[in-house]
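Let me begin by presenting the structure, written as structure tokens, before commenting on it.
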Ligand code: SF4
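What follows is the structure, encoded as structure tokens:
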């Protein structure tokens, strides 16, 4: 049961010293209750209170980490059912399956594609996150595959899949400090996996025959002292998996049901032989609470749409994506290059800068901080008015970079041209196109007016 700010305050030392970065204990307690501060930040709180508050304020879906450094994948930490209620915390991990008896050429191809397929979109770098290595009964081959992957895929978190704890243990040793997910705990090997998870301080993947069986097994692992888990209901149809994911998430979030309070792992690769169908199933499961989707392979036409879906679902709807206020040189501009200005909503920035780059006209692009609002919205909200633009232009340093004094403003800001000319008396204000797509033609014909 979540604690209120007042309940948390009662357990704090009430020194009001501010060492937690927040001026008073009351304000700190309110932030802890709202999930915006960690109780550990107060150096004076007792261990007993830490345990009580930490337990009560922990997210209903436990946060787990697989791997480390560039290869770290984090999942869970979720607190809501729908993105608009707050936000989704950690994107679904995309994993590629590799089997220990798969031919070398096939494995090498997957490794090459995994490393090559990284995409940038609105300043975010997107890629597959994990490899799922499947033991096929030969422990030596399983360990050899693990060693190869650890060497060749520096950015992949590793899932070791086997029902044989000995084979998992040997392969885990090859992972070094990239702590893998140990997947494959069932009723037959539960104690061994629990012991292994605790010994290696690694998360355990538990697979039930169905939801009820999973609840039973996960409960036993919790009782055995396993804290970090990834759960698999055993469903191998899209519908079954979709329904189970929803039941698990609702039970964890609404009922605080601990055995299901862990990220889920799903296997579209085991639900169809058709790669496109597999991608479609993965996309459905990503939208409904899959912590990890395991695919049989990745190709650009499968991975890119999934990554875009991931980006759309997991960006924080309450925080606009922004780029930094600055002068951005595009294509090596000189002192005679045109100067354009727009807002810092990242989508606007990337569209405008992309069109300027495509025009091959070297240009200076001024990005004004509008708190992530788009041009018209920012203007309507009083964050992109003539006075603010003028102040920014004057302090930006653009006057030292160009000889001319001509500023190209977005076509949608035509109404502020007169005001801006008053504010920037030395500058000529030119109205640019309304749509970024018309910028190349505009820039190719542009000549400084003075
Ligand atoms: S550090 Fe602890 S005692 Fe000091 S203000 Fe913060 S919560 Fe209060």
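Residue numbers (my numbering): 7 to 456.
For glycine and all other residues, C-beta sits at the position ideal for the given N, C-alpha and C.
From a predicted model like this one, the values you see are computed outputs, not experimental measurements.
Leaving aside the five residues before and after residue i along the sequence, list all residues of the same chain whose C-beta is less than 7 Å from its C-beta, in chain order.
i	result
residue 105	140 and 142
residue 171	195, 198, 199 and 202
residue 324	93
residue 395	347, 374 and 426
residue 80	69, 71 and 96
residue 411	432, 433, 434 and 456
residue 128	327, 352, 353 and 356
residue 442	357, 358 and 361
Leaving out five residues on either side along the sequence, give the residues of the same chain with a beta carbon under 6 Å from the beta carbon of residue i.
i	result
residue 200	227, 230 and 232
residue 151	106 and 139
residue 302	103 and 275
residue 47	26
residue 376	349, 350, 384, 389 and 390
residue 2	Residue numbering for the chain in the displayed model covers 7 to 456; residue 2 lies beyond these limits and cannot be assessed.
residue 234	70 and 209
residue 55	17
Residues bridged to residue i by DSSP?
i	result
residue 349	374
residue 369	336
residue 270	237
Just mark residue i as buried or exposed, buried being the case when its beta carbon has 16 or more other beta carbons within 10 Å.
i	result
residue 112	exposed
residue 308	buried
residue 455	exposed
residue 52	exposed
residue 88	exposed
residue 146	exposed
residue 131	exposed
residue 50	exposed
residue 322	exposed
residue 330	exposed
residue 316	buried
residue 157	exposed
residue 99	buried
residue 245	exposed
residue 59	buried
residue 29	exposed
residue 239	buried
residue 422	buried
residue 282	exposed
residue 190	buried
residue 114	exposed
DSSP on residue i, reduced to helix/strand/coil?
i	result
residue 79	strand
residue 412	strand
residue 236	strand
residue 12	helix
residue 28	coil
residue 257	helix
residue 71	strand
residue 247	helix
residue 219	helix
residue 281	helix
residue 18	coil
residue 275	helix
residue 40	coil
residue 228	helix
residue 51	coil
residue 262	coil
residue 294	coil
residue 35	helix
residue 64	coil
Give me, in chain order, the residues of the same chain whose beta-carbon lies closer than 8 Å to that of residue i; leave out the 5 immediate sequence neighbours on both sides.
i	result
residue 144	106 and 107
residue 379	326, 349, 351, 387, 389 and 390
residue 85	41, 65, 66, 67, 92, 95 and 259
residue 464	It is not possible to answer for residue 464, since the shown part of the chain is limited to 7 through 456.
residue 404	333, 345, 370 and 372
residue 284	274, 275, 277, 278, 301, 302 and 308
residue 77	159, 160, 161, 162, 163, 164 and 184
residue 16	none
* **Continuous beta strand (DSSP E) assignments of at least 3 residues falling wholly in the segment 141–217** => Runs found: 163–167, 187–191 and 210–213.
* Asked: Whole beta strand (DSSP E) runs in the segment 82–147 with 3 or more residues, listed along the chain?
  -> 99–105, 124–127, 130–133 and 136–140
* Can you give, in chain order, each stretch of the beta strand (DSSP E) that sits fully within the segment 297–364 and has at least 3 residues? -> 298–301, 332–336 and 345–349
* **Contiguous beta strand (DSSP E) assignments of at least 3 residues, all confined to the segment 375–455** => 412–415 and 434–437
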